Amino acid sequence: MNILPNKFYLFIAFLFGTLYTMAGNPAPPAPNPFGRKKPPPPPGLPIDENIFILIIIALLFGIYIIYSHRLKTKTPV
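Residue numbers 179 to 255, in our numbering, belong to the letters of the sequence shown in order.
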């Protein structure tokens, strides 16, 4: 019993199924809940408001991780 043709047909079926899924029509876009009006703007909080505080916290956390790793490793005598 030769299993090679079965693998080939299975591969072709898988390939056609993948291509059929990729080439299918996408779902229609959802209607705009605001109608013709524009959506309200997001709240006025800038992304980089506290960026310096976040950088300082990240540096301190990195120093803590490096220091704790050095404490766990054995130093040669």
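Even glycine gets a Cβ: it sits at the ideal position worked out from N, Cα and C. Since the model is a prediction, treat every value here as computed from it, not as a measurement.
Item, Value
"Can you tell me whether residue 215 is helix, strand or coil according to DSSP?", "coil"
"When DSSP labels each residue in this structure, what does residue 184 get in the three-state scheme?", "helix"
"Between which residues of its own chain and residue 242 is the CB-CB distance below 8 Å, once the five residues before and five after are set aside?", "none"
"Quick one: grab the DSSP three-state call for residue 240.", "helix"
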